[in-house]
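Q: Here it is: the structure, laid out below.
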Amino acid sequence: MDSLYLAWCYLNYNKVRTFILIGCITIIAALPLALEILLNESEHQLVLRAESSPLLIGAKGSALDLVMNSLYFSDEVPETITMAAAEQVMDSDLAAPIPLYIRFKARDFPIVGTSLDYFDFRKIELTQGGMFTVIGQCVIGAEVAIKLNLVPGDFIVSSPETLFNLAGVYPLKMKITGVLAPTHSADDLAVFVDIMTTWVIQGLGHGHKDVTKTTDSSVILKREKGNVTANTKLMQYTEITEDNIDSFHLHGDQTDFPLTAVLAVPYDEKSGIILQGRYLEKETPYQIVRPKEVINTLMANIFKIRNVLDAVIMLVGTATLLALVLVFSLSLRLREREIDVIFKLGCSRATIARLLGAEIFIIVLISGTVCAGLLALVLQYDQMLVRNLFI
Amino acid sequence: MIRISDIDFRYPSGEFYLSIPSLSITAGEKVAVIGPSGSGKTTLLNLVAGILTPGKGSVSIGNVEISSQHDRARRDFRITNIGFIFQDFGLLDYLDVQDNILHPYRITGALNLSSDVRERAHILAEQMGIADKLNRHPTDLSHGERQRVAICRALLPGPKLILADEATGNLDPKNKVHILELLFENVDRHNATLLAVTHDQELLPHFDNVVNFNEFLQTETL
Numbered sequence: 015m016d017s018l019y020l021a022w023c024y025l026n027y028n029k030v031r032t033f034i035l036i037g038c039i040t041i042i043a044a045l046p047l048a049l050e051i052l053l054n055e056s057e058h059q060l061v062l063r064a065e066s067s068p069l070l071i072g073a074k075g076s077a078l079d080l081v082m083n084s085l086y087f088s089d090e091v092p093e094t095i096t097m098a099a100a101e102q103v104m105d106s107d108l109a110a111p112i113p114l115y116i117r118f119k120a121r122d123f124p125i126v127g128t129s130l131d132y133f134d135f136r137k138i139e140l141t142q143g144g145m146f147t148v149i150g151q152c153v154i155g156a157e158v159a160i161k162l163n164l165v166p167g168d169f170i171v172s173s174p175e176t177l178f179n180l181a182g183v184y185p186l187k188m189k190i191t192g193v194l195a196p197t198h199s200a201d202d203l204a205v206f207v208d209i210m211t212t213w214v215i216q217g218l219g220h221g222h223k224d225v226t227k228t229t230d231s232s233v234i235l236k237r238e239k240g241n242v243t244a245n246t247k248l249m250q251y252t253e254i255t256e257d258n259i260d261s262f263h264l265h266g267d268q269t270d271f272p273l274t275a276v277l278a279v280p281y282d283e284k285s286g287i288i289l290q291g292r293y294l295e296k297e298t299p300y301q302i303v304r305p306k307e308v309i310n311t312l313m314a315n316i317f318k319i320r321n322v323l324d325a326v327i328m329l330v331g332t333a334t335l336l337a338l339v340l341v342f343s344l345s346l347r348l349r350e351r352e353i354d355v356i357f358k359l360g361c362s363r364a365t366i367a368r369l370l371g372a373e374i375f376i377i378v379l380i381s382g383t384v385c386a387g388l389l390a391l392v393l394q395y396d397q398m399l400v401r402n403l404f405i
Numbered sequence: 003m004i005r006i007s008d009i010d011f012r013y014p015s016g017e018f019y020l021s022i023p024s025l026s027i028t029a030g031e032k033v034a035v036i037g038p039s040g041s042g043k044t045t046l047l048n049l050v051a052g053i054l055t056p057g058k059g060s061v062s063i064g065n066v067e068i069s070s071q072h073d074r075a076r077r078d079f080r081i082t083n084i085g086f087i088f089q090d091f092g093l094l095d096y097l098d099v100q101d102n103i104l105h106p107y108r109i110t111g112a113l114n115l116s117s118d119v120r121e122r123a124h125i126l127a128e129q130m131g132i133a134d135k136l137n138r139h140p141t142d143l144s145h146g147e148r149q150r151v152a153i154c155r156a157l158l159p160g161p162k163l164i165l166a167d168e169a170t171g172n173l174d175p176k177n178k179v180h181i182l183e184l185l186f187e188n189v190d191r192h193n194a195t196l197l198a199v200t201h202d203q204e205l206l207p208h209f210d211n212v213v214n215f216n217e218f219l220q221t222e223t224l
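Respectively, the protein sequence lines represent chains P and F. Quick note: our numbering has the first sequence finishing at residue 405, numbered continuously throughout. Quick note: our numbering has the second sequence finishing at residue 224, numbered continuously throughout.
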């Protein structure tokens, strides 16, 4: 008997119905499983990163925004603090401060302004080139290099914060000096620069022609006793090179320059607790958080949402399955004449049931295969999907 | 060939009752069954085919008393010894013509689908003039062509008995005679017996014998 052959003929002839059934079953099966994989992966990524980041100091406000921005480079930029916060940690002798200024982007990838200590702390190594040594240079994460097809020696330009602000800061063309090894974390998708470079991007530091030596009178507004005032015609450099690096300078006191956070790495557990205690005073403009605690709170909330989501998926799945049963039983009614003919020809009821069972088997088999393929794809790209969808 | 002795049949709903004291059809005979709608003509075919079993009496085909056999034996006997032709052809739209003709072989273990059977199906299709339509689906065929496919399906296992339930009922007058001639020709070629229900009085002269439910049998609608 050729139950599978006949079932295949039927399904092949009724292609639209078959595709709809396969689609419905695949979605019912794949959706909760894919969601489970992605949620598990996001939990894994969030917790792992949070556990490896002991203390974070930032402006008072949302602890979650602070952690998400500092650890996962999310778009939500917290209130800024100043470089003084980092120096305060350094002066405490309780922890090593790693300044972070994460606000700008280059071709949709976050620019992380920090110090070289960051790479030692995260144990990130280079696969190509070397670390940035002067302002205007950068190293890129492994996935940035792959996605943008960049290698050391190439350039990447920072994105202006607002395109329509003509008086705003010019984009900075940064030379790539190295590519970082993959870490399967947010670091793979970031462009790292020295903290001073981010201040240059913000316009707090810049380089231009020496106005005291220029002879172009259309640039000079006023010249008196060694003080020269230039107008906006004075060209600012948009790239820091060996030739113009000496002309780059910062205006003002560096301790007042902005940071989004300071990653504090206590020398020991006791130092960490003491440091944390120092930020409990109401007068301090800073907050200090343990990222692990913040993420645990977040995960507890996600867990609640996940339960609700699971219940919704179960309900929708049950409703869809019932609808499928209805579709199938209605199609049986439509096929009553066909079943009667087959029976009259000499086919047993059991064989008729086997024929219908073969149809269900093929549909479930194809749905299962498609579902497995989809889940394999989700598993393959879960880290990327989590970073793009959840973090 | 067919011997019916003193049978009584009543559907479970109890609304219809059929009683046939005696009916014999000899091998190779072509017999028409006529009578008004609801008189029990199709019930007679179902009793002969072993689809229904009488409450009393016996139905024998050749040496086999089909009415006393178990379900499975009746089914196996039916699919190997009886060919069924339906008024609405009973073809499956999702199978092409070739698969429709071979269909009985795909739904039972009693028949073995070999290359020889496929060859015979092709020859039969040629004889019925549908060899060029083997890869088409029934929905692509005319009514006459569909009935030829149904006849091929009924004849392929080489049955000794063909049961036709208003086989020409859906055909135009020209096609009716033509299909009937084809059916007779192939029944003769296979040395089979034909028991055909019909409403068409014009076709009766083509048959060897006629069973008239009005005159010959005792039926009763309760």
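Glycine is no exception: its CB is placed at the ideal position from the N, C-alpha and C atoms.
(1) Is the CB-CB distance between F/T195 and F/I27 below 9 Å?
(2) Would F/A112 pass as an interface residue toward chain P - the criterion being a Cβ-Cβ separation below 9 Å?
(3) Count the other CB atoms, across all protein chains shown, that sit within 10 Å of the CB of F/E147; report buried if there are 16 or more and exposed otherwise.
(4) In this structure, how does DSSP classify P/V165 when only helix, strand and coil are distinguished?
(5) Check whether the Cβ atoms of P/A200 and P/G72 lie closer than 9 Å to each other.
(6) So is P/I356 in contact with chain F if we call contact Cβ pairs under 9 Å?
(7) Nearest to P/S409 by CA position, among P/L289, P/H220 and P/G291, is which residue?
(8) From this set, F/R5, F/N137 and F/T141, which residue's C-alpha is nearest F/D95's C-alpha?
(9) F/Q203 lies in the alpha helix (DSSP H); which residues open and close that run?
(10) What residues of chain F sit near P/Y24, judged by a beta carbon separation below 9 Å?
(11) In chain F, which residues lie with their C-beta within 9 Å of the C-beta of P/Y19?
(12) Looking at the structure shown, is P/L108 part of a helix, part of a strand, or coil, going by DSSP?
(13) Assign F/S7 to one of three DSSP states: helix, strand, or coil.
(14) Check whether the Cβ of F/L143 lies closer than 9 Å to any Cβ atom in chain P.
(15) Give the residues from the stretch 371-390 of chain P that approach chain F closer than 7 Å (Cβ to any Cβ), ordered along the chain.
(16) Determine which residues of the stretch 143-168 of chain F have a Cβ less than 7 Å from any Cβ of chain P, and write them out in chain order.
(17) Apart from the five residues on each side of it in sequence, which residues of its chain come closer than 6 Å, Cβ to Cβ, to P/A98?
(18) If I measure Cβ to Cβ from F/N137 and keep anything under 8 Å in the same chain, skipping five residues before and after, which residues do I get?
(19) State buried or exposed for P/M328, treating a residue as buried only when at least 16 other CB atoms are found within 10 Å of its CB.
(20) Measuring alpha carbon to alpha carbon, tell me which residue in P/P174, P/V308 and P/N163 is nearest P/I413.
(21) Apply the 10 Å Cβ neighbour rule to P/P299 and answer buried if 16 or more other Cβ atoms are within range, or exposed otherwise.
(22) For F/K178, which of helix, strand or coil comes out of DSSP?
(23) Any C-beta of chain F sitting closer than 9 Å to the C-beta of P/E352?
(24) By a C-beta neighbour count over all protein chains shown, 10 Å radius and 16 as the cutoff for buried, is P/S67 buried or exposed?
(25) Thinking C-alpha only, which one of P/A44, P/D16, P/L35 and P/L53 is nearest P/I316?
(26) Suppose you measure from the CA of F/N214 to the CA of F/S39; what does that come to, to the nearest Å?
(27) Which residues in chain F have a C-beta closer than 8 Å to the C-beta of P/T365? List them in chain order.
(28) At which residue ranges does the stretch 124-149 of chain P contain complete beta strand (DSSP E) runs of 3 or more residues, listed in the order of the chain?
(29) In angstroms with no decimal places, state the Cα-to-Cα distance between F/A166 and F/L184.
(30) Hey, does P/S345 have any beta-carbon neighbour from chain F nearer than 9 Å?
(31) Using DSSP with H/G/I as helix, E/B as strand and the rest coil, what is P/C385?
(32) Give me the Cα-Cα distance between P/F135 and P/G144, rounded to the nearest whole angstrom.
(33) Using the beta-carbon of each residue, which ones in chain P are nearer than 7 Å to F/R77?
(34) Return no unless some Cβ of chain F is closer than 9 Å to the Cβ of P/L369.
(35) Helix, strand or coil, according to DSSP, for F/F209 in the structure here?
(36) Do F/L163 and F/I231 count as a contact pair if the criterion is CB distance below 9 Å?
A: By the coordinates alone:
(1) Position 193 of the second sequence, counted from the start, is the residue given in the question as residue 195 of chain F. Position 25 of the second sequence, counted from the start, is the residue given in the question as residue 27 of chain F. Yes, the Cβ-Cβ distance between F/T195 and F/I27 is below 9 Å.
(2) Position 110 of the second sequence, counted from the start, is the residue given in the question as residue 112 of chain F. At least one beta carbon of chain P lies nearer than 9 Å to the beta carbon of F/A112.
(3) As a first step, residue 147 of chain F is located in the second sequence; it is residue number 145 there, counting from the start. Label assigned to F/E147: buried.
(4) One-based indexing of the first sequence puts residue 165 of chain P at position 151. If DSSP states are grouped into helix, strand and coil, P/V165 belongs with coil.
(5) Taking the first sequence and counting its residues from 1, the one referred to as residue 200 of chain P is at position 186. Taking the first sequence and counting its residues from 1, the one referred to as residue 72 of chain P is at position 58. P/G72 sits away from P/A200, with the two beta carbons spaced by 9 Å or more.
(6) Position 342 of the first sequence, counted from the first residue, corresponds to residue 356 of chain P. Judged by the 9 Å Cβ criterion, P/I356 is in contact with chain F.
(7) Missing from the structure shown is residue 409 of chain P; chain P here goes from 15 to 405 and no further.
(8) What you label residue 95 of chain F is simply residue 93 of the second sequence in a count that begins at 1. The residue from F/R5, F/N137 and F/T141 with its alpha-carbon nearest to that of F/D95 is F/T141.
(9) The sequence position of residue 203 of chain F within the second sequence is 201, counting from 1. Secondary structure note for F/Q203: it is in no alpha helix (DSSP H), with a DSSP letter that is neither H nor E.
(10) Translated into the one-based positions of the first sequence, residue 24 of chain P becomes position 10. Contact note: P/Y24 reaches chain F through L94, Y96 and L97, using a C-beta cutoff of 9 Å and chain order.
(11) For the purposes of this step, residue 19 of chain P is taken as the residue at position 5 of the first sequence. Near P/Y19 (Cβ distances below 9 Å), the residues of chain F are D101 and R108.
(12) If you number the first sequence from 1, residue 108 of chain P lands on position 94. It is coil, neither helix nor strand.
(13) As a first step, residue 7 of chain F must be located in the second sequence, where it is residue number 5. Strand.
(14) Mapped onto the second sequence, residue 143 of chain F falls at position 141. The Cβ of F/L143 sits no closer than 9 Å to any Cβ of chain P.
(15) Here the close residues number zero.
(16) The stretch 143-168 of chain F vs chain P, Cβ under 7 Å: nothing.
(17) Within the first sequence, numbered from 1, the residue matching residue 98 of chain P stands at position 84. Once the five neighbours on either side are set aside, the close Cβ partners of P/A98 are T269.
(18) Position 135 of the second sequence holds residue 137 of chain F. The beta carbon of F/N137 lies closer than 8 Å to those of D98, V99 and Q100 in the same chain, with the five residues before and after it left out.
(19) Locating residue 328 of chain P in the first sequence gives position 314, where the first residue counts as 1. The residue is exposed, with fewer than 16 neighbouring Cβ atoms inside 10 Å.
(20) Because chain P in this structure spans residues 15 to 405, residue 413 of chain P falls outside the shown range and cannot be described.
(21) Here residue 299 of chain P corresponds to residue number 285 of the first sequence, with the count starting at 1. So P/P299 counts as exposed.
(22) By 1-based counting over the second sequence, the position of residue 178 of chain F is 176. Residue state, collapsed to three classes: helix.
(23) Taking the first residue of the first sequence as 1, we reach residue 352 of chain P at position 338. For P/E352, the answer is yes, since a Cβ of chain F falls inside 9 Å of its Cβ.
(24) Reading the first sequence from its first residue, position 53 is the one you call residue 67 of chain P. Around the beta carbon of P/S67, a 10 Å sphere encloses 16 or more other beta carbons of the protein chains shown; the residue is thus reported as buried.
(25) Locating residue 316 of chain P in the first sequence gives position 302, counting from the first residue. Of P/A44, P/D16, P/L35 and P/L53, the residue nearest in Cα terms is P/L53.
(26) Here residue 214 of chain F refers to the residue found at position 212 of the second sequence. Here residue 39 of chain F refers to the residue found at position 37 of the second sequence. The straight-line gap separating the alpha-carbon atoms of F/N214 and F/S39 is approximately 12 Å.
(27) Mapped onto the first sequence, residue 365 of chain P falls at position 351. Neighbours of P/T365 in chain F, taken as residues at a C-beta separation under 8 Å, are given in chain order as I109 and T110.
(28) List check, beta strand (DSSP E) in window: 140-143.
(29) As a first step, residue 166 of chain F is located in the second sequence; it is residue number 164 there, counting from the start. As a first step, residue 184 of chain F is located in the second sequence; it is residue number 182 there, counting from the start. In a straight line, the C-alpha of F/A166 is about 13 Å away from that of F/L184.
(30) By one-based count along the first sequence, residue 345 of chain P stands at place 331. Taking Cβ atoms only, chain F never reaches closer than 9 Å to P/S345, which makes this a no.
(31) For the purposes of this step, residue 385 of chain P is taken as residue 371 along the first sequence, with counting starting at 1. In the structure shown, P/C385 adopts helical secondary structure according to DSSP, grouped into three states.
(32) Working through the first sequence from its first residue, we reach residue 135 of chain P at position 121. Working through the first sequence from its first residue, we reach residue 144 of chain P at position 130. Spanning the two alpha carbons is a distance of roughly 17 Å.
(33) Taking the first residue of the second sequence as position 1, residue 77 of chain F is located at position 75. Neighbours of F/R77 on chain P, chain order: G360 and S362.
(34) On the first sequence, residue 369 of chain P is found 355 positions in, with the first residue counted as 1. Proximity of P/L369 to chain F, defined by a Cβ-Cβ separation below 9 Å, is satisfied.
(35) Here residue 209 of chain F is taken as the residue at index 207 of the second sequence, counted from 1. Note: F/F209 maps to coil in three-state DSSP.
(36) Coverage of chain F is limited to positions 3 through 224, which leaves residue 231 of chain F absent and any answer about it impossible.
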